[in-house]
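Down below is the structure, laid out as structure tokens.
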Amino acid sequence: MSDLTLYLDLVSQPCRAVYVFAKANNIPFKHEEVLLFRGDQMAEDFGKVNPLRKVPSLKDGDFTMAESTAILQYLANKYKTPDHWYPSDLQKRARVDEYLAWQHTNTRPHAARVFWIKGMTPYLLGHEATPEHLNPALSEFNTTLKSIETKFLQDKPFFAGDEVSIADLVAIVEIMQPISAGVDVFEDKPKLSAWKHRVEEAIGADLFKEAHESIMRIKEMQSRPISPELKERLKARLAYFTR
Ligand SMILES: N[C@@H](CCC(=O)N[C@@H](CS)C(=O)NCC(=O)O)C(=O)O
Numbered sequence: 025m026s027d028l029t030l031y032l033d034l035v036s037q038p039c040r041a042v043y044v045f046a047k048a049n050n051i052p053f054k055h056e057e058v059l060l061f062r063g064d065q066m067a068e069d070f071g072k073v074n075p076l077r078k079v080p081s082l083k084d085g086d087f088t089m090a091e092s093t094a095i096l097q098y099l100a101n102k103y104k105t106p107d108h109w110y111p112s113d114l115q116k117r118a119r120v121d122e123y124l125a126w127q128h129t130n131t132r133p134h135a136a137r138v139f140w141i142k143g144m145t146p147y148l149l150g151h152e153a154t155p156e157h158l159n160p161a162l163s164e165f166n167t168t169l170k171s172i173e174t175k176f177l178q179d180k181p182f183f184a185g186d187e188v189s190i191a192d193l194v195a196i197v198e199i200m201q202p203i204s205a206g207v208d209v210f211e212d213k214p215k216l217s218a219w220k221h222r223v224e225e226a227i228g229a230d231l232f233k234e235a236h237e238s239i240m241r242i243k244e245m246q247s248r249p250i251s252p253e254l255k256e257r258l259k260a261r262l263a264y265f266t267r
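For the sequence shown, the working numbering gives the first residue as 25, with consecutive numbering after it.
Here is the structure:
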């Protein structure tokens, strides 16, 4: 039995990256669900694993850690996964690290903003997102996608060259978040769309689909009851994105 436990909610993009990576590499782990819509992140026991109360989180024996990109690097190093995921070649690895550093202030917040405004406004406020809020978010996200094409992908099959790496994985799960809210992310972007298909194939279509099942059913989840307290917290988060 593995000592490794991953605390995940697959509606979360960084959780999906960690989940897909562990599964694709046959890393044995115990999957502990921390369902954010149920408020599980506030449970006392989870606070001991991650006082930041965020997923993904990892526990390996007595060792605990947070932050998806650091978790991916830990798993790649510990389980000596195939080199292409996190290349040992200095400059290829630097390409991966470069994207992982960039995405924290680009793909991640910009994709999340589109998702929250388009996908969470009807749920939390009972009406569709207004163009006033949605359009600037879409425009910012499209600029990010353009940078991914021109700076990170260029004319290569994947960000670090001929094979998939954790940088591609982190990017694709983030880009899928607005798709789940009904945004046609790949419209008029054949290059990015072809890259998405390559990443999906490299990961395995079944695993890719499985990891995205819950976020693709977000509407169904939104029809379940949640506590008024949690709803208020979610509204505050939405207000942050529309400020
Ligand atoms: N930078 C962190 C972000 C983690 C994060 O923000 N997780 C969100 C889900 S996507 C979360 O746990 N939110 C719970 C909350 O804020 O209550 C990472 O990459 O792991």
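Backbone N, C-alpha and C define an ideal beta-carbon position, used for all residues, glycine too.
Measuring from the CB of residue i, is there a heavy atom of ligand 1 at a distance below 6 Å?
i	result
Glu91	yes
Val73	no
Gln127	no
Ser189	no
Val79	yes
Ser36	yes
Leu254	no
Leu60	yes
Thr201	Before going further, note that residue 201 is Gln rather than Thr in the sequence given. Gln201 Cβ: outside cutoff for every heavy atom of ligand 1.
Gln97	no
Gln65	yes
Can you give the beta carbon distance from residue i to residue j, rounded, assuming they're within the 8 Å contact cut?
i	j	result
Leu60	Ser92	Contact doesn't hold; Cβ gap of about 14 Å is too wide.
Leu82	Leu30	6 Å
Leu124	Val194	6 Å
Leu262	Leu148	5 Å
Val58	Leu32	7 Å
Is residue i buried or exposed, if buried means 16 or more other CB atoms sit within 10 Å of its CB?
i	result
Gln115	exposed
Leu76	exposed
Pro106	exposed
Ala48	buried
Arg241	exposed
Gly143	buried
Lys243	exposed
Ser238	buried
Gln178	exposed
Pro249	exposed
His128	exposed
Glu198	buried
Pro155	exposed
Asp186	exposed
Asp212	exposed
Ala184	buried
Using the Cα positions of residue i and residue j, report the straight-line distance between them to the nearest angstrom.
i	j	result
Asp86	Pro80	17 Å
Phe182	Val42	19 Å
Ser251	Lys215	43 Å
Trp140	Phe265	7 Å
Ile190	Lys102	15 Å
Ser171	Ile196	14 Å
Ile95	Pro52	15 Å
Gln246	Leu28	31 Å
His108	Val223	13 Å
Met200	Val207	9 Å
Ser112	Ala226	19 Å
Pro284	Ser26	For residue 284 there is no data in the structure shown, the boundaries of the chain being 25 and 267.
Pro146	Gly63	20 Å
Gly71	Ala205	30 Å
Ala153	Gly228	34 Å
Glu122	Asp192	12 Å
Residues in the same chain with beta-carbon distance under 7 Å from residue i, minus the five sequence neighbours each way, listed in chain order, please.
i	result
Phe210	Leu216, Ser217, Lys220
Ala67	none
Tyr110	Gln97, Ala100, Arg117, Val120, Ser189, Ile190
Asp69	none
For residue i, which residues of its own chain have a beta-carbon under 8 Å away from its beta-carbon, when the five flanking residues on both sides are left out?
i	result
Arg7	As shown, the chain starts at 25 and ends at 267. That puts residue 7 outside it, with no answer to give.
Thr168	Asn130, Thr131, His134, Ala135
Leaving out the 5 sequence neighbours to the left and right, which residues in its chain are closer than 6 Å to residue i when beta-carbon positions are compared?
i	result
His157	Ile141, Thr266
Are there any heavy atoms of ligand 2 lying less than 6 Å away from the beta-carbon of residue i, as far as the coordinates show?
i	result
Gln97	Ligand 2 is absent from the structure shown, which contains only ligand 1.
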